[in-house]
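In our numbering, the protein residues as written are 842 to 1529.
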Amino acid sequence: MPTRALVLFCAAGAALLLVPAATWSQQSRSRSEVEFEPVGAPAEELPARTWGHYDFSLALEVGHQQAVVRGNNDAYRSHLNYADGFRVFDFNLRGKGSAGAFFSDFHVQGSGWGGEPNNWLRWGARKKGWFDFRAVYRRSDYFWVFPGFARDEHRNDQQRRLQGYELTLRPGRPLRFWAGYTRNSGFGLALTTFQFTFDAFPLFEPLRQTYDQYRVGVGWGGARWSGVFEQGFRFFRNDRHLFLPEGLNPGNVAGDSIALAETLRLHPVRGRVPFTRLALVGRPHSTLDFAARLLYADLETDATRFETTIAQLGGQTLRITAESLADAGRPTTVADGTISWRPLSRLRLSHAFRFHQFHLASAARTQSELFAPSAGASFLLEEDRRRILRSESQSNRFEGSYQLTPGLGVRAGLRTEHRDIQRVKAREGITGRDDSVGVNARSFLLGTFFRTEHGEVFFELERGGTAGVVTRVSPADTSRLRLRVRWQPMEGVKLAANGFLHDNRNARLPTAQNPEGRHSVRTRGFLVDLQLARFRRGTLHLGYRRQDITAATDVLFFAAFQPRAGRALYVANDNYAYVDVSGRLVGNLSGEVGYRVTFNTGTFPPSDPVGTCNPLLPVSCDNATGLDPLGINFGGLNHHQPHAALRHTISRNVVWKAGWRWYGYNVKQGSHSDYKAHLITTSLLLLF
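Here it is, written out as structure tokens:
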């Protein structure tokens, strides 16, 4: 192997290892429509540069970002979290080996470093037919402090990091092997609440969560059949350590006689999950296709808890200590697959099946002691609890489609579901309660599709019942409707529209106060999108999306410590509109301008308009209008995002970019969560 190429690749790998292990975003945030990226089509690809036995190409975009925020900075960081400073927008180094090179190809890529909450790095190298190595680092700064929610007593400020490595031997050959390792970790500080008697108290929680996953596998492929076998092991660790801020804490309920002087909870959890994965895909006959997979995992967890609390109650001091040991197991089996048969050239019959079974068993032993020093009294309580939940579900979908003409076809199908649920709860000295429920449901499917040279129309309707929620003990009536239209009347003009309807009705939620309790959800939505790229100097892209959700649930709540039946209503009307215009302005200068807006209404909790929330003084978080922050009231929000950008091609190797985006976030019926932010970027794209 040429020394220069080996040194270059090893140096790049060593540099990446010095970067903090990257992360998987806890909220799994991908690039969204609210994120700014400089304008412009991809730069012209330059001829690769040759060095030794390798042809190299490098694209590097670096620049500066300025964020100007006015209003609630916590809400801004919870949503966007862009910061000032130097930024590496993109980095892409690729190399391709010629005859005599050790590597067939290799790459180093990265994006989002500096001033952005999510960033990543990837690199890898491949020797055709021998090995393929891939590595990834992801890093996410997750911040969540949203005023007006849960009395402002739930906060999260942490970093989540992911690093993964995979080595495949004999890639692209009929028999191949691989091994991989993944580590996911999170660190930071959170604020949560602790229930004591009928009150709630804030607790600080330093976060430390990690899991490590190891896996090995083998894959094989032939003319008609191919398969995969993989064995893995995952180890989970969560070191929970919660403590009360110093000083006497009166809790959330004003006027009661309960206060906490000290609370400490240590709650480490350890978990182990061996898992096995099998997959098989084949075509035993030219008219028959088959695909199936099987996953088995056996979760085992162990947890210990030590807790001590010193409370002031009615002028007396109480000390409560508790120690617990708990373990749980959850073996899970999932199998699914499809069979497709084409007895005629225009007729297709298919069967999709799914089987899911798990058995959750847990046991906990707790020893608690209550000591009142002033009275010299002590009470000791020991308790054993055991719980079992078994669930087995099967679903089948039979479908047939027939092509009446080359562009017109019809579809019909039947979906069946069966679910068995068994729940057992037992305490020491008390006979366990055994609840067993069997649920059956079925639905029918009808549809049609029409395709031409300039577009297509797709329609599907499904009606019947569903039992797809494990906690539901009765089936629900369901209706689904989908309509999709795509039309391209001429080159450069594209129109797309789709609509959907999804209703779940009459799911039973019986209680002692309301044996006929029900739950229903009604969802409607549509999208219209137009793309106009017929003119050489510019393009136009605009659209509108709307979704309406209405959910009504019979609930049980407590008034004056007495259970009462009631009804909860949830309404959400979500609207999103966008328009973008881009094109060449003059010479090598291009520009883009656009506007995006989100406006929602519905049953949203109102924001605190005063802005005096103090997490350690919960009463100050009550809404100035007299509304309970936890109450559901009609409200909504507006989120405006106008943007503009310029791009100037200086030479074949250098491109200048600049952009501006404005974020205007406004919550109706309140202003404490509102913010306005300008995000200004400028960068140079360097091509080598």
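Note that CB positions come from ideal geometry on N, CA and C, so glycine has one too.
Rounded C-alpha distance that separates F1131 from Q1036: The alpha-carbon of F1131 is positioned some 53 Å away from that of Q1036.
Considering only C-alpha positions, which residue in the set R918, S952, G904 and Y895 is nearest to G941? That would be Y895, whose Cα lies nearest to the Cα of G941.
Going by the beta-carbon positions, is the gap between N1237 and F1194 smaller than 9 Å? In this structure, N1237 sits near F1194, with a CB-CB distance shorter than 9 Å.
Outcome for N959 when other beta-carbon atoms lying within 10 angstroms are tallied against a minimum of 16: Here N959 is buried: its Cβ has 16 or more other Cβ atoms, across all protein chains shown, within 10 Å.
Take S1524 and list the residues in its own chain whose beta-carbon comes closer than 7 Å to its own, dropping the five residues that flank it on each side. Excluding residues up to 5 positions away in sequence, P879, E902, V903, G904, F930 and K1498 lie with their Cβ nearer than 7 Å to the Cβ of S1524 in the same chain.
Beta strand (DSSP E) segment containing Y923, residue limits: Counting along the chain, Y923 falls outside any beta strand (DSSP E), and DSSP gives it neither H nor E.
D1261, DSSP secondary structure in three states: Here D1261 sits in strand by DSSP.
Distance check for R1292 and R1187, CA to CA, integer angstroms please. Approximately 15 Å, taken between the alpha carbons.
For E1258, does the count of other Cβ atoms within 10 angstroms reach 16, so buried, or fall short, so exposed? So E1258 counts as buried.
With a CB to CB cut of under 6 Å and the five nearest residues on each side skipped, what residues in its chain are close to G1305? Answer for G1305: R1283, S1284 and F1285, listed in chain order.
Look at the alpha carbon of R928 and the alpha carbon of V1369, and state the distance between them as a whole number of angstroms. Cα-Cα distance, rounded: 35 Å.
With distance defined between alpha-carbon atoms, name the residue in N1416, N933, T1128 and E1148 nearest to S1191. Closest by alpha carbon: T1128.
In or out: Q1000 buried (at least 16 other Cβ within 10 Å) or exposed? So Q1000 counts as buried.
For L1222, the nearest candidate out of R1228, S1209 and S1232 (CA to CA): The shortest C-alpha separation from L1222 is found at S1209.
By the 10 Å Cβ neighbour count, where 16 or more other Cβ atoms means buried, how is F1028 classified, buried or exposed? Residue burial annotation: F1028 is exposed, with fewer than 16 other C-beta atoms found within 10 angstroms of its C-beta.
Verify the CB distance criterion: does R1183 have a CB-CB separation below 9 Å to chain C? This model lacks chain C altogether; it includes just one protein chain.
Name the residue from W971, T1162, S1492 and V1334 whose alpha carbon lies nearest to the alpha carbon of S1219. Ranking W971, T1162, S1492 and V1334 by Cα distance to S1219 puts T1162 first.
Using the three-state DSSP reduction, which class does A1064 fall into: helix, strand or coil? Coil at A1064, not helix or strand.
With a Cβ-Cβ cutoff of 9 Å, do R1260 and S1277 count as a contact? Going by C-beta atoms, R1260 is not nearer than 9 Å to S1277.
For H1519, count neighbouring C-beta atoms within 10 Å of its own C-beta (all shown protein chains included) and say buried if the count is 16 or more, exposed if not. With fewer than 16 other Cβ atoms within 10 Å, it is exposed.
Under 9 Å between the Cβ atoms of Y1419 and G1384? Yes, the pair counts as a contact, with Cβ atoms nearer than the cut-off.
Just list the residues that DSSP pairs L901 with in beta bridges. BP columns for L901 point to F932 and L1527.
Starting from the C-beta of P1330, find all residues in its chain whose C-beta is less than 7 Å away, skip the five residues before and the five after it, and write them out in chain order. Spatial neighbours of P1330 in its own chain (CB-CB distance under 7 Å, excluding positions within 5 residues in sequence) are listed in chain order as H1295.
Which word fits E1224, buried or exposed, when buried means at least 16 other C-beta atoms lie within 10 angstroms of its C-beta? Label assigned to E1224: exposed.
Is the beta carbon of R1081 less than 9 Å from the beta carbon of E1046? Cβ distance < 9 Å, so R1081 and E1046 count as in contact.
List the whole-angstrom C-beta distance separating E1148 from R1106, where the pair is believed to meet the contact cut-off of C-beta under 8 Å. Here E1148 really is in contact with R1106; their C-beta atoms are around 5 Å apart, less than 8 Å.
Whether or not the region 1357–1376 and the region 1332–1347 are in contact is what I'm after, with contact meaning three or more pairs of Cβ atoms, one per stretch, closer than 8 Å; do they touch? Touching, yes.
With 16 other CB atoms within 10 Å as the buried threshold, where does T1307 fall? A residue is called buried once 16 or more other Cβ atoms fall within 10 Å of its Cβ, and T1307 is buried on that count.
Of all the alpha helix (DSSP H) runs that stay within the bounds of the region 1210–1236, which reach a length of 4 or more residues? For the region 1210–1236, not a single whole alpha helix (DSSP H) run of length 4 or above is found.
Cβ distance (whole Å) where L1478 is taken to contact N1441 below 8 Å: Between N1441 and L1478 the Cβ distance is about 5 Å, and since that is below 8 Å, they are a contact.
According to DSSP, what are the bridge partners of F1564? Residue 1564 is absent from the model: the chain starts at 842 and stops at 1529.
Per DSSP, cross-strand counterpart(s) of S1320: Among the bridge pairs identified by DSSP, S1320 is matched with R1304 and D1344.
contact_flag[the region 1481–1497, the region 914–928] where n(CB pairs < 8 Å) is 3 or more: Not touching, per the Cβ criterion.
Can you name the start and end residues of the beta strand (DSSP E) that D1168 belongs to? Unbroken beta strand (DSSP E) run through D1168: Q1157 to L1185.
Close Cβ partners of F1529 (< 6 Å) along its chain, the five nearest in sequence each way excluded: Annotation for F1529: L899 place their beta carbon closer than 6 Å to its own, counting only its chain and skipping 5 residues before and after.
DSSP beta-bridge partners of A807: Because the chain in this structure spans residues 842 to 1529, residue 807 falls outside the shown range and cannot be described.
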